[in-house]
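Asker:
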Amino acid sequence: MFLQGLIASLGGGVSGGLLNEILPKDGYVLGRSVFNMVFGLTQVVGFATGGALLTVLSPRACLLLSAALYATAALVFRLGLTARPPRASGRPSVTATWRTNALLWSSRPRRLTYLGLWLPNGLVVGIESLYVSYAPHAAGTLFACGALGMFVGDVTVGRLVPPALRPRLATPLLLLLATPYLFFLLRPALPLAAALAAVASVGFGASLVQQERLMSLTPDEMAGHALGLRSAGMLTMQGVSAAVAGTVAQLTSPATGMTVMALASVAVTLALSALGKREERGPGVAGDGEGGAGEVLGVADVDRAG
């Protein structure tokens, strides 16, 4: 699983950079929303299909089938994408990767944007990791409803929200992502729990706003690497949060664990929002000469490049 996650993080950077390269500048959010929408629908179908297959196949057989589907997807990429010139030259190395990571992290606006992408999202994924222990015989329903909510959020942010309004929605969406899970302290029955999961997952649309800001702060030649760092940090935080959520649930209960993680996500979101507003009231000079830091979660409209 560690190796699979390592490869997936590399693939996320490659596909994200390619998407940013293919799409026009003003089409990134729309294109990424379509990407996420298809992903969300595939998750809904996948959870339902996986649950059905488990009634007739063993978990091992289902995992092998999933691996075969990954191989099929790789073949589609290989045959379907046209050749494109590389975005970087020279031999790839760990040293070069860390050097670029340090450069990306040295900018305060980018650094705060990364934290906004990693922390609230990761804490909520920690909540989702407790679905199975909360509802052992109906966890698939919670996962499917969560994927449906994510689809609705991507449609709304990518297709329906005017571009001028979009930068102001990141903080409200991140609060929406966590707040419904506070009600799990009351141990709601499955229908209400599924509805809460669906409503909360609409908040995942915040990542579109945050990625748009990240791209506005990053030079074009570093876009793929910047998105790869976003993916790697996000997956790392999700793993850490799952471990923390599981520990809290082990000591208390799954419902309590979900509530604690939701409170942490709300607190982090409010703290980062306050930092962003403080930057807006500051002198407007970033540490690397990029100009004012703007709202860390995307509240302020930033249209300049790094």
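Residue numbers (my numbering): 51 to 356. Think of the CB as a built atom: it goes at the ideal place given N, C-alpha and C, for glycine as much as any other residue. Keep in mind that this is a model prediction, so the values were computed, not measured.
Would you identify the three-state DSSP class for H187, choosing helix, strand or coil?
Answerer: Indexing the sequence shown from 1 puts residue 187 at position 137. Coil, per DSSP.
Asker: R128 and G67: beta carbons closer than 8 Å?
Answerer: Mapped onto the sequence shown, residue 128 falls at position 78. Mapped onto the sequence shown, residue 67 falls at position 17. The answer is no: Cβ separation not under 8 Å.
Asker: Would you mind sorting F193 into buried or exposed? The rule is 16 or more other CB atoms within 10 Å of its CB.
Answerer: Along the sequence shown, read from residue 1 onward, the residue named residue 193 stands at position 143. Burial call: buried.
Asker: Under the assumption that M87 contacts D204 (Cβ atoms under 8 Å), give the Cβ distance between them as a whole number of angstroms.
Answerer: The count along the sequence shown starts at 1 and reaches residue 87 at position 37. The count along the sequence shown starts at 1 and reaches residue 204 at position 154. That belief holds up - the Cβ atoms of M87 and D204 are roughly 5 Å apart, short of 8 Å.
Asker: Would you report the Cα separation of V126 and G63, rounded to the nearest angstrom?
Answerer: Counting from 1 along the sequence shown, the entry for residue 126 is found at position 76. Counting from 1 along the sequence shown, the entry for residue 63 is found at position 13. Cα-Cα distance, rounded: 18 Å.
Asker: For T33 and P109, I'd like the C-alpha separation in whole angstroms.
Answerer: Beyond the ends of the chain as shown, which are 51 and 356, falls residue 33; an answer cannot be given.
Asker: For L242, which of helix, strand or coil comes out of DSSP?
Answerer: In the sequence shown, the residue the question calls residue 242 occupies position 192. Three-state DSSP puts L242 in a helix.
Asker: Alpha carbon to alpha carbon, what distance is there between V318 and S183?
Answerer: Here residue 183 corresponds to residue number 133 of the sequence shown, with the count starting at 1. Here residue 318 corresponds to residue number 268 of the sequence shown, with the count starting at 1. Rounded to the nearest angstrom, the two C-alpha atoms are 25 Å apart.
Asker: Could you pull out every residue in the same chain whose Cβ sits closer than 6 Å to the Cβ of G307, ignoring the five residues on either side in sequence?
Answerer: Locating residue 307 in the sequence shown gives position 257, counting from the first residue. Here the set comprises L180, A295, V298 and A299.
Asker: Specify, as a first and last residue, the run of the alpha helix (DSSP H) that A295 falls within.
Answerer: Along the sequence shown, one-based indexing puts residue 295 at 245. That run of the alpha helix (DSSP H) goes A273 to L301.
Asker: Assuming S83 and V207 make a contact with CB atoms under 8 Å, what is their CB distance in whole Å?
Answerer: Start at 1 with the first residue of the sequence shown, and residue 83 comes out as number 33. Start at 1 with the first residue of the sequence shown, and residue 207 comes out as number 157. The Cβ separation is near 6 Å, so the contact holds.
Asker: To the nearest angstrom, report how far apart A312 and E329 are at their CA atoms.
Answerer: Residue 312 sits at position 262 when you count from the first residue of the sequence shown. Residue 329 sits at position 279 when you count from the first residue of the sequence shown. Looking at the two C-alpha atoms, the distance is approximately 26 Å.
Asker: What's the call for L60, buried or exposed, on a 16-neighbour Cβ count within 10 Å?
Answerer: In the sequence shown, the residue the question calls residue 60 occupies position 10. L60 should be labelled exposed.
Asker: If we call anything under 8 Å between Cβ atoms a contact, is L167 one with Q260?
Answerer: Residue numbering aside, residue 167 sits at position 117 when the sequence shown is read from its first letter. Residue numbering aside, residue 260 sits at position 210 when the sequence shown is read from its first letter. In this structure, the beta-carbon distance from L167 to Q260 falls below 8 Å.
Asker: Within the same chain, show all residues whose beta-carbon is closer than 7 Å to that of V249, passing over the 5 residues directly before and after it, in chain order.
Answerer: The count along the sequence shown starts at 1 and reaches residue 249 at position 199. Around V249: G199 and P230.
Asker: Just reading off the alpha helix (DSSP H) that Y231 is part of, what are its end residues?
Answerer: Residue 231 sits at position 181 when you count from the first residue of the sequence shown. That residue, Y231, is in no alpha helix (DSSP H); it is neither H nor E in DSSP.
Asker: Sort M51, G77, A124 and L103 by Cα distance to L258 and report the nearest one.
Answerer: Within the sequence shown, numbered from 1, the residue matching residue 258 stands at position 208. Among M51, G77, A124 and L103, the Cα nearest to that of L258 is on G77.
Asker: Going by C-alpha to C-alpha distance, which of A58, Q93, T132 and L131 sits closest to G190?
Answerer: By 1-based counting over the sequence shown, the position of residue 190 is 140. Nearest of A58, Q93, T132 and L131 to G190, Cα basis: Q93.
Asker: If the criterion is Cβ atoms closer than 8 Å, does the pair A19 and N70 meet it?
Answerer: Outside the displayed span of the chain (51 to 356) sits residue 19, for which this structure offers no information.
Asker: May I have the straight-line CA-CA distance separating V335 from A197, to the nearest angstrom?
Answerer: Counted from its first residue, the sequence shown places residue 335 at position 285. Counted from its first residue, the sequence shown places residue 197 at position 147. Residue confidence is low: V335 scores 40 on pLDDT, short of 50, so the model does not pin down where it sits. No coordinate-derived value is stated.
Asker: What does the Cβ neighbour count give for R283, buried or exposed, with the cut at 16 atoms within 10 Å?
Answerer: On the sequence shown, position 233 is the one that residue 283 refers to. First, the residue type needs correcting, since residue 283 is Gly and not Arg in the sequence shown. Buried is the call here.
Asker: Alpha carbon to alpha carbon, how far is C112 from L131? Give it in angstroms, no decimals.
Answerer: Numbered from 1 along the sequence shown, position 81 holds the residue referred to as residue 131. Numbered from 1 along the sequence shown, position 62 holds the residue referred to as residue 112. When rounded, the separation of the alpha-carbon atoms in L131 and C112 is 28 Å.
Asker: Work out the CA separation of A133 and F254 for me, nearest whole Å.
Answerer: Here residue 254 corresponds to residue number 204 of the sequence shown, with the count starting at 1. Here residue 133 corresponds to residue number 83 of the sequence shown, with the count starting at 1. The straight-line gap from Cα to Cα measures roughly 32 Å.
Asker: Using CA atoms only, rank isn't needed, just tell me which of A321, A314, K327 and T286 is closest to M51.
Answerer: Numbered from 1 along the sequence shown, position 1 holds the residue referred to as residue 51. Nearest C-alpha to M51: T286.
Asker: Tell me which same chain residues have a C-beta within less than 7 Å of the C-beta of A188, skipping the five on either side of it?
Answerer: Translated into positions along the sequence shown, residue 188 becomes position 138. Only L240 meet the Cβ criterion.
Asker: Since P238 contacts L246 with CB under 8 Å, what's their CB separation in whole angstroms?
Answerer: Residue 238 sits at position 188 when you count from the first residue of the sequence shown. Residue 246 sits at position 196 when you count from the first residue of the sequence shown. P238 to L246, Cβ: 7 Å. Contact.
Asker: On the three-state DSSP scale, how would you describe S257?
Answerer: Locating residue 257 in the sequence shown gives position 207, where the first residue counts as 1. Three-state result, S257: helix.
Asker: Please go through the same chain and pick out, in chain order, the residues whose beta-carbon is closer than 7 Å to the beta-carbon of N151, but skip the five residues on each side of it.
Answerer: Your numbering for residue 151 matches position 101 in the sequence shown. For N151, where only same-chain residues beyond five positions count, the Cβ hits under 7 Å are L279.
Asker: Mind checking P170: buried by the 16 CB within 10 Å criterion, or exposed?
Answerer: Taking the first residue of the sequence shown as 1, we reach residue 170 at position 120. It is buried - the Cβ of P170 has at least 16 other Cβ atoms within 10 Å.
Asker: Between F233 and A324, what straight-line distance do the alpha-carbon atoms span, to the nearest angstrom?
Answerer: For this step, residue 233 is matched to residue 183 along the sequence shown. For this step, residue 324 is matched to residue 274 along the sequence shown. Taking the straight line joining both Cα atoms gives about 25 Å.
Asker: As an exercise, report each continuous alpha helix (DSSP H) stretch of at least 4 residues that is fully enclosed by the region 80–110, in chain order.
Answerer: none
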